[in-house]
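Asks:
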Ligand SMILES: Cc1cc2nc3c(=O)[nH]c(=O)nc-3n(C[C@H](O)[C@H](O)[C@H](O)COP(=O)(O)OP(=O)(O)OC[C@H]3O[C@@H](n4cnc5c(N)ncnc54)[C@H](O)[C@@H]3O)c2cc1C
């Protein structure tokens, strides 16, 4: 792990408790003296990324390729491995290492160029038997084969290699960031809480000129009626969220014939239903699934040039936004829109949707025919305890008809996220840092992902990930989106003179180093 | 790929002229039915074929772009990028046979054209799958625009 101290910068501490004082808490812009008076040691590092997840990784990877030395970068995060949070959420939502995820072959997290993609690598990794399948699949997608997507494990392993190559651990300072404040004279202070006992004071401050905020999801949300039920009846066992650990549900389903209600018709819902159906096939579970839809998509929607396929309740598309959102006509269109118009457009190319996959279609078709996969459309009115320990969901359809479904388990697979106010660092940025919200309620960023309103003289603050959804780029919460942001930020930092721009020469040399796995 | 119209045009110009051009410079020596011909004379024809590929290709791009609008994802799969060699190659061949391509003799042997056209196409297609992104890391986010 990195020492907190960058080369040649001994921290100055003078008295004080080393704690976050009321004075500091109530002062929006801190002076060096304010921090020193509190007894908090100050470390100078020009660039700090807060979070240490996938977004931080993409950015640090890009900066290292642009030639920034490790000593100029510190990663402040709770986890030691960039994909830890991602892996945890995947595991809960039933995506293990062998499950195929939802991004394309060229969304390669360990390689800013997108080539060689995951499909080509899988082909060479699975020679000779498995050589042609991924290549054919990626060549013929999405016309003959479905979009080819990598297994989660492949993403993890490729990041493991790149982490070592760029010296991630040398830049990592584990711990929890408490607040980010602007500094008198320019730049920022990032107040950090390393693990107890690792530093003489409870807090340390990083004085930097550039900060990146990549804290991921501000929190997870549950459907309000389900959350209410859980609290009221103290039942966290039978009403679960797909993003929290709930393997006990599947274990019990293989032992007792049960009814499960699934709410949510996006990718998470699809995967949960796939798991439930798979357990019937593989482990002899006798589960009956009730899949509840609030908006039931019964066929293709939209005019000819904006028509999305849909069927059996689901809106289908390859990825969470229409593909050109990452770098084509759709991206271009969004960049020209402002305010509510932009939000509406982003919703129209995203919203709740799931990919059309041959195996999934087959499973659902069998389930419908066999009567153990049932769907119902309507608004849930109430969830309440029924007889024999069952939980009843009462739904009203648009025609006024009411259906009551008693079930053993309810799985909330809506994938709802918390708001910026749920996260302490973000709430503080809104209150003290000059940051504002976009019309979608997330952090307002420029096209280059600078956080609007947070400038501090020459200092710049950037953000990436789901907290910026609603800005000029839709797929912010995706691998490729995070890599796009990384390149945008690196370019801006190059404009500011912090690093060199990755032009063709640097790019080719960088790729060559990557191909040889050369430490940078 | 998820091209914009400007991206299509720029990328088409780049790959046809630079990649197609370099490849043509190399392969013209070994094309069928060129034995004994002075390389300068072969180049005169093969480079005009490349020029014709470009001019027609730009027109094709307009059509493809229109068709792409009917795809929800607004992407242009590499699969299309590969197989559109057939329609583009056929049209060019018909035009050559009709003596409608300036300075390309209508007697151009079919095998010479076929080997030249198909290999230029494949090399250009392969270039777009990988090396292009390595030289220009922003290209894939810009709908294929280079400037
Ligand atoms: C189940 C699931 C599947 C997904 N599948 C795909 C996919 O297939 N393809 C795709 O492109 N995208 C996918 N995504 C979306 C996205 O790419 C990932 O969520 C990705 O991890 C987002 O990266 P991030 O850096 O924004 O957040 P994270 O990777 O979650 O990183 C944020 C980190 O910040 C840390 N943190 C938060 N607050 C603090 C603090 N105060 N101090 C220090 N550290 C802090 C957290 O501990 C966390 O580790 C998926 C998301 C989920 C939930």
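Protein chains in written order, with the numbering used here: chain B, 18 to 537; chain E, -6 to 140.
Virtual Cβ for every residue (Gly too), placed ideally from N, Cα, C.
Take every Cβ of the stretch 262 to 269 of chain B, pair it with every Cβ of the stretch 112 to 121 of chain B, and state whether three or more of those distances are shorter than 8 Å.
Replies: no
Asks: With respect to the alpha helix (DSSP H) encompassing residue 72 of chain E, which residues constitute its N-terminal and C-terminal limits?
Replies: Counting from one through the second chain, the residue named residue 72 of chain E turns up at place 79. Element bounds for residue 72 of chain E: 71 to 90.
Asks: Taking Cβ positions only, does residue 160 of chain B come closer than 9 Å to chain E?
Replies: Walking along the first chain from the start, residue 160 of chain B turns up at place 143. Yes, because at least one Cβ of chain E sits closer than 9 Å to the Cβ of residue 160 of chain B.
Asks: Just by C-beta distance, which residues in the stretch 377 to 410 of chain B are closer than 9 Å to chain E?
Replies: Taking 9 Å as the Cβ-Cβ cut-off against chain E, none of the residues of the stretch 377 to 410 of chain B qualify.
Asks: Would you give the residue range spanned by the alpha helix (DSSP H) that residue 426 of chain B belongs to?
Replies: Within the first chain, residue 426 of chain B is the residue found at index 409, counting from 1. No alpha helix (DSSP H) holds residue 426 of chain B; the beta strand (DSSP E) holding it covers 426 to 429.
Asks: Can we say the stretch 385 to 405 of chain B touches the stretch 298 to 313 of chain B, given the rule of at least three CB pairs closer than 8 Å?
Replies: yes
Asks: What's the gap between the Cα of residue 408 of chain B and the Cα of residue 315 of chain B?
Replies: Sequence index remark: in the first chain, residue 408 of chain B carries index 391 (1-based). Sequence index remark: in the first chain, residue 315 of chain B carries index 298 (1-based). Cα to Cα, residue 408 of chain B sits roughly 28 Å from residue 315 of chain B.
Asks: How should residue 253 of chain B be labelled, buried or exposed, when 16 other C-beta atoms within 10 angstroms of its C-beta is the threshold for buried?
Replies: As a working note, residue 253 of chain B is residue 236 in the first chain. By the neighbour-count rule (16 or more Cβ atoms within 10 Å), residue 253 of chain B is not buried but exposed.
Asks: Taking just the CA atoms, how far does residue 504 of chain B sit from residue 515 of chain B?
Replies: Your numbering for residue 515 of chain B matches position 498 in the first chain. Your numbering for residue 504 of chain B matches position 487 in the first chain. Distance between the alpha carbons of residue 515 of chain B and residue 504 of chain B is about 14 Å.
Asks: Mapping the DSSP letters down to three states, classify residue 57 of chain E as helix, strand or coil.
Replies: For the purposes of this step, residue 57 of chain E is identified with residue 64 of the second chain, where counting begins at 1. Residue 57 of chain E falls in the helix class under three-state DSSP.
Asks: Can you check DSSP and say which residues form a bridge with residue 9 of chain B?
Replies: The structure shown does not extend to residue 9 of chain B, since chain B is modelled only from 18 to 537, so the question has no answer here.
Asks: Taking just the CA atoms, how far does residue 472 of chain B sit from residue 446 of chain B?
Replies: Sequence index remark: in the first chain, residue 446 of chain B carries index 429 (1-based). Sequence index remark: in the first chain, residue 472 of chain B carries index 455 (1-based). Rounded to whole angstroms, residue 446 of chain B to residue 472 of chain B spans 12 Å at the Cα level.
Asks: Can you tell me where the alpha helix (DSSP H) holding residue 72 of chain B begins and where it ends?
Replies: Numbered from 1 along the first chain, position 55 holds the residue referred to as residue 72 of chain B. Segment 71 to 82, the alpha helix (DSSP H) holding residue 72 of chain B.
Asks: Considering only heavy atoms of ligand 1 and the C-beta of each residue, which residues fall inside 5 Å, strictly closer?
Replies: B:68, B:70, B:71, B:72, B:94, B:95, B:96, B:102, B:103, B:106, B:107, B:110, B:118, B:119, B:120, B:193, B:194, B:231, B:232, B:233, B:442, B:482, B:494, B:495, B:496
Asks: Using 8 Å as the cut-off, can you tell me whether the stretch 515 to 529 of chain B makes contact with the stretch 77 to 92 of chain B, which would need three or more C-beta pairs spanning the two stretches below that distance?
Replies: Output reads yes: the stretch 77 to 92 of chain B touches the stretch 515 to 529 of chain B.
Asks: Who are the Cβ neighbours of residue 229 of chain B in its own chain at under 6 Å, not counting the five residues just before and after it?
Replies: Locating residue 229 of chain B in the first chain gives position 212, where the first residue counts as 1. Excluding positions up to five away in sequence, the list reads 66, 76, 479.
Asks: Kindly indicate if chain B contains any beta-carbon less than 9 Å away from that of residue 81 of chain E.
Replies: Numbered from 1 along the second chain, position 88 holds the residue referred to as residue 81 of chain E. No, because no Cβ of chain B sits closer than 9 Å to the Cβ of residue 81 of chain E.
Asks: Helix, strand or coil for residue 423 of chain B per DSSP?
Replies: Here residue 423 of chain B is taken as the residue at index 406 of the first chain, counted from 1. Residue 423 of chain B falls in the strand class under three-state DSSP.
Asks: What does residue 62 of chain E reach in chain D if we use C-beta pairs closer than 9 Å?
Replies: Among the chains of the structure shown, chain D does not appear; the protein chains present are B and E.
Asks: Do residue 209 of chain B and residue 198 of chain B have their C-beta atoms within less than 9 Å of each other?
Replies: Counting from one through the first chain, the residue named residue 209 of chain B turns up at place 192. Counting from one through the first chain, the residue named residue 198 of chain B turns up at place 181. No, the Cβ-Cβ distance between residue 209 of chain B and residue 198 of chain B is not below 9 Å.
Asks: Counting along the chain, where does the beta strand (DSSP E) carrying residue 152 of chain B start and finish?
Replies: For the purposes of this step, residue 152 of chain B is identified with residue 135 of the first chain, where counting begins at 1. Where residue 152 of chain B is concerned, there is no enclosing beta strand (DSSP E), although the alpha helix (DSSP H) it sits in stretches over 149 to 157.
Asks: Looking at chain E, which residues of the stretch 349 to 365 of chain B have a Cβ within less than 9 Å of any of its Cβ atoms?
Replies: Listed by position along the chain: 349.
Asks: Does residue 215 of chain B pass the burial test, meaning 16 or more other C-beta atoms within 10 Å, or should it be called exposed?
Replies: Here residue 215 of chain B corresponds to residue number 198 of the first chain, with the count starting at 1. So residue 215 of chain B counts as exposed.
Asks: Please decide whether residue 524 of chain B counts as near chain E, where near means a Cβ-Cβ distance under 9 Å.
Replies: Here residue 524 of chain B refers to the residue found at position 507 when the first chain is read from its first residue. So yes, residue 524 of chain B belongs to the interface.
Asks: Can you give me the C-alpha to C-alpha distance between residue 24 of chain B and residue 61 of chain B, rounded to a whole angstrom?
Replies: Sequence index remark: in the first chain, residue 24 of chain B carries index 7 (1-based). Sequence index remark: in the first chain, residue 61 of chain B carries index 44 (1-based). Here residue 24 of chain B scores only 42 on pLDDT, less than 50, and its place in the model should not be relied on; the value that follows carries that caveat. Using only the alpha carbons, I get a separation of about 10 Å.
Asks: Let me know the secondary structure DSSP gives residue 43 of chain B once reduced to three states.
Replies: The residue you call residue 43 of chain B lines up with position 26 of the first chain. Here residue 43 of chain B sits in helix by DSSP.
Asks: Excluding five sequence neighbours on each side, which residues of the same chain lie with their C-beta closer than 6 Å to the C-beta of residue 100 of chain B?
Replies: Locating residue 100 of chain B in the first chain gives position 83, counting from the first residue. For residue 100 of chain B, where only same-chain residues beyond five positions count, the Cβ hits under 6 Å are 173, 176.
Asks: So with Cβ pairs under 9 Å, would you call residue 115 of chain E a contact of chain B?
Replies: Mapped onto the second chain, residue 115 of chain E falls at position 122. Cβ-Cβ to chain B under 9 Å: no for residue 115 of chain E.
Asks: At which residue ranges does the stretch 162 to 218 of chain B contain complete beta strand (DSSP E) runs of 3 or more residues, listed in the order of the chain?
Replies: 189 to 191, 193 to 200, 205 to 210
Asks: Would you list the one or two residues that DSSP bridges to residue 477 of chain B?
Replies: As a first step, residue 477 of chain B is located in the first chain; it is residue number 460 there, counting from the start. Among the bridge pairs identified by DSSP, residue 477 of chain B is matched with B:227.
Asks: Run through DSSP, which three-state label would residue 521 of chain B get?
Replies: As a position in the first chain, residue 521 of chain B is number 504, starting the count at 1. The answer is helix: DSSP assigns residue 521 of chain B an H, G or I state.
Asks: Which one of B:309, B:296, B:154 has the shortest CA to CA distance from residue 135 of chain B?
Replies: The residue given as residue 135 of chain B occupies position 118 in the first chain. Residue 135 of chain B has its Cα closest to that of B:154, out of B:309, B:296, B:154.
Asks: Identify every residue that forms a DSSP beta bridge with residue 375 of chain B.
Replies: Residue numbering aside, residue 375 of chain B sits at position 358 when the first chain is read from its first letter. Its beta-bridge partners do not exist; DSSP assigns none.
Asks: May I ask you to verify whether the stretch 111 to 126 of chain E touches the stretch 10 to 28 of chain E, counting CB pairs closer than 8 Å and requiring at least 3?
Replies: yes
Asks: So the alpha helix (DSSP H) residue 116 of chain E belongs to, where does it begin and stop?
Replies: The residue you call residue 116 of chain E lines up with position 123 of the second chain. 103 to 122 is the span of the alpha helix (DSSP H), which, as asked, contains residue 116 of chain E.
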